[in-house]
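Note that full-length UniProt numbering has the sequence shown beginning at 1, numbered continuously upward. From the three backbone atoms N, C-alpha and C, an ideal C-beta is built for every residue, glycine too.
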Amino acid sequence: MADSWTVQRTGPGDAARTQAREQLLEAARELYGVNGYRETAEHDVCAAAGVPVEVLRQEYGSREGLLIALHNRVTTTGLRAMERALLIEGIDTCSIADRVRLLFDAYVEAVTADPREARVTFVEVLGVSAVVDEHCKLWRALWTEFLTGEAERAVERGEAEDRDHRVDVMVMVGAVHELMAHHTRRSRRARPGEVSGELTELALTMLGSQRTVEG
1 MADSWTVQRT GPGDAARTQA REQLLEAARE LYGVNGYRET AEHDVCAAAG VPVEVLRQEY
61 GSREGLLIAL HNRVTTTGLR AMERALLIEG IDTCSIADRV RLLFDAYVEA VTADPREARV
121 TFVEVLGVSA VVDEHCKLWR ALWTEFLTGE AERAVERGEA EDRDHRVDVM VMVGAVHELM
181 AHHTRRSRRA RPGEVSGELT ELALTMLGSQ RTVEG
């Protein structure tokens with residue numbers, strides 16, 4: 001393994017580092033997402049990635065840092081999917097129910113496309129350490145800001161109760177993650193549409209919206 005890594009390092013430094021980082025992320029996705037984070041040792045990840053342990057420590061600091069990086073990538077994918085949904089033609093004239101459903105459809109499809117990534121994102125990060133907890137807390141704060149904006153828009157359109165929904169949204173973000181973790185742990189994998197439907201109903205209830213989703 002060391003010899004093959006030496007050959008890789010003879011190329012441009014940035015390219016070799018990028019390749020190593022991707023190999024480690026792919027190995028983590030497979031091992032953390034199938035065997036579990038706690039059951040995967042540092043050397044297991046490095047052996048699967050084909051790089052020395054020193055490279056993992058240089059690029060991510062530790063297997064915990066690699067877990068955070070993988071969670072970051074998957075969660076960012078979910079956020080970008082929701083942002084793209086906001087660009088769909090006609091979404092600005094959709095009812096709050098249809099708009100929320102489109103957003104959750106995009107999010108759930110993105111973060112559950114790979115069951116390994118879903119397990120890492122919603123199950124394996126739980127209770128790892130204070131550092132990982134703080135990382136997840138920052139993401140929850142970002143989601144709260146994003147969805148509070150949607151709630152304020154619904155209030156302006158008369159589609160939600162006229163009050164400050166920030167606390168509701170904070171509770172909803174926590175509930176979303178609990179629901180996603182629940183579905184991820186189930187032996188029967190729920191269809192994305194089933195999950196996003198549950199999330200939509202939860203969001204509309206918390207917003208005090210009486211609208212129903214079409215279709």
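Asked: Close-in-space but distant-in-sequence residues of the same chain around residue 183 (CB under 7 Å, 5 per side omitted); Found: 190 and 195
Asked: Member of 162, 143 and 130 whose CA lies at the smallest distance from the CA of residue 82; Found: 143
Asked: C-alpha distance - residue 169 paired with residue 58, whole-angstrom precision; Found: 38 Å
Asked: Completely contained alpha helix (DSSP H) runs for the stretch 122 to 157, where each covers 4 or more residues; Found: 130 to 156
Asked: Ranges of the alpha helix (DSSP H) found wholly within the UniProt domain "HTH tetR-type" (18 to 78), counting only runs of at least 4; Found: 42 to 49 and 53 to 60
Asked: Span separating the alpha-carbon of residue 90 from that of residue 136; Found: 33 Å
Asked: Cβ pair count under 8 Å reaching 3, the stretch 93 to 104 against the stretch 20 to 39; Found: no
Asked: DSSP-derived helix/strand/coil call for residue 182; Found: helix
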